[in-house]
Amino acid sequence: MSLILYTSCRTHAQRKLPKGFLPIESPLKATLNQYYEPWETIMANLPSLISRMALRDSVDRMPILSVLHLQAEPEWRRAYVLLTFMLHGYIWGPPKPVEIIPPALAIPLLKVSSHVELPPIATFAGLCLWNYKVIDIDRSHADPENLHTGFTFTGTADEEWFYLISVAIEADGAKVVSLVTDLITASHRQDRAAVKEGLESLSQTISHVTLLLQRMYERCDPHVFYHHLRPFLNGSKNAAHAGLPFGIIYSGGTEPQEYKQYRGGSNAQSSLIQLFDIILGIEHSSSERAFLLEMREYMPGPHRRFLERIPLHANMREFVKRHPCDEDLHAAYASAVCMLRSLRNAHLRMVSRYIIVESKRKEAVSCYIYNIRENGGVLRGTGGTPLVQFLKRIRDDTNYRESMFLAQ
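Following this line, the structure appears as structure tokens:
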């Protein structure tokens with residue numbers, strides 16, 4: 001890879017992603033322009049409106065608002081958060097899911113989504129990256145106890161903690177963005193010592209991310225997550241088992257009114273996690289790779305372009321292989337891959353506790369959607385994939401690369 005491309009990666013990271021994949025400007029704490037009060041009022045009462053089955057009536061009575069009063073990027077991002085939370089509450093709230101989105105919600109959402117370069121559906125960016133507040137700016141942003149969520153569907157502390165763990169992970173992993181560009185530059189210069197040091201830092205960061213992920217158990221109850229929150233995170237793709245066999249229709253848009261299908265919010269849309277794979281040269285089988293590439297379409301444009309600027313062949317695995325006699329370098333790389341494997345194992349254990357175990361519980365629950373059975377007995381993630389099979393294959397790909405590397 002040319003020095004120009006290395007420089008481009010580094011410059012892009014320094015100028016565009018100084019806080020990793022969290023926004024440079026923290027999400028707005030205050031409301032938007034008074035013109036958007038109808039949106040803000042509904043969102044300030046979202047959990048109550050959903051529980052009282054009053055959200056759809058409130059949205060149906062909203063005026064169709066122009067996006068011309070949105071100016072700075074934080075305003076556009078807040079509008080996206082407001083409208084996508086409203087959208088999923090509208091679709092998945094009781095008594096049953098609906099497929100027709102009214103113009104007052106659909107028209108501005110399509111325009112806002114186009115501006116922020118995201119699909120008109122709830123994504124990891126809208127649920128987590130753009131939906132938090134820092135309590136004390138002098139304390140670590142990687143401490144979930146120093147963060148507060150802007151909006152939730154359920155109004156529960158469990159839902160808030162679920163989002164904040166992801167925000168804390170992104171804050172802790174922010175250093176990886178610049179670290180990766182340093183690693184690429186060091187490998188281009190054949191600086192093995194710098195690559196080794198960078199891999200050790202990467203390994204430490206992935207270990208920290210794993211510890212943060214495991215803090216999910218502290219304040220997010222599996223029952224609340226599975227039966228009360230998870231239904232709202234579903235997308236409109238592969239959602240026949242949930243009551244949307246064809247997808248959803250955005251009424252009043254400029255395009256012909258036809259069914260649209262989008263994946264739901266998923267941690268697979270985290271650019272940070274995909275970045276780990278890229279820099280370590282973890283290759284996945286065709287179906288998993290296709291899905292992960294599709295997930296980039298659900299990432300903000302700058303994040304997607306950053307990942308595209310790091311070619312898949314410019315990875316540390318290939319660099320380390322070219323120096324077979326450097327045992328310390330090999331050990332540093334193997335440690336980083338081992339940490340990534342541990343992260344994926346921790347995630348699988350969490351999926352087992354929060355989804356597999358809860359899906360087998362037979363106790364009666366109040367909301368219709370909680371009783372939806374997974375299609376054909378196959379548990380699907382909110383992104384629409386067969387959940388356990390997908391995660392195991394991703395984990396196994398990491399195991400395979402580690403074992404093949406160590407065998408050389």
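Reminder that position 392 of the sequence shown reads as 392 in full-length UniProt numbering, one-by-one numbering, no gaps.
Glycine included, each C-beta is placed from N, C-alpha and C at the ideal position.
In this text the structure is predicted, and so the values were computed from the model without any measurement.
Test item: CB-CB of residue i and residue j under 8 Å
| i | j | result |
| --- | --- | --- |
| residue 47 | residue 130 | no |
| residue 343 | residue 210 | yes |
| residue 132 | residue 110 | no |
| residue 162 | residue 225 | yes |
| residue 53 | residue 93 | yes |
| residue 235 | residue 121 | yes |
| residue 393 | residue 288 | yes |
| residue 134 | residue 76 | no |
| residue 300 | residue 81 | no |
| residue 202 | residue 168 | no |
Paired residues, beta bridge with residue i - DSSP
| i | result |
| --- | --- |
| residue 134 | 147 |
| residue 239 | 244 |
| residue 250 | 101 |
| residue 260 | 248 |
Run of the alpha helix (DSSP H) containing residue i, from where it starts to where it stops
| i | result |
| --- | --- |
| residue 321 | 316-321 |
| residue 208 | 192-214 |
| residue 274 | 271-280 |
| residue 328 | 327-351 |
| residue 295 | 286-295 |
| residue 171 | 157-172 |
| residue 305 | 301-308 |
Distance between residue j and residue i (C-alpha atoms, nearest Å)
| i | j | result |
| --- | --- | --- |
| residue 51 | residue 281 | 46 Å |
| residue 33 | residue 70 | 8 Å |
| residue 251 | residue 137 | 42 Å |
| residue 285 | residue 295 | 15 Å |
| residue 126 | residue 266 | 11 Å |
| residue 249 | residue 102 | 9 Å |
| residue 207 | residue 340 | 8 Å |
| residue 307 | residue 271 | 8 Å |
| residue 187 | residue 176 | 16 Å |
| residue 20 | residue 302 | 11 Å |
| residue 369 | residue 347 | Residue confidence is low: residue 369 scores 48 on pLDDT, short of 50, so the model does not pin down where it sits. Its coordinate-derived value is still stated next. For residue 369 and residue 347, the distance between alpha carbons rounds to 25 Å. |
| residue 64 | residue 180 | 44 Å |
| residue 95 | residue 56 | 11 Å |
| residue 398 | residue 98 | 40 Å |
| residue 107 | residue 29 | 25 Å |
| residue 183 | residue 315 | 9 Å |
| residue 360 | residue 354 | 11 Å |
Within-8 Å CB hit, residue i to chain C
| i | result |
| --- | --- |
| residue 129 | Protein chains in the displayed structure number just one, and chain C is not present. |
Length-filtered (4 minimum) alpha helix (DSSP H) runs lying within the region 45-115
Counting only runs of 4 or more, we get 46-51, 55-60 and 73-92.
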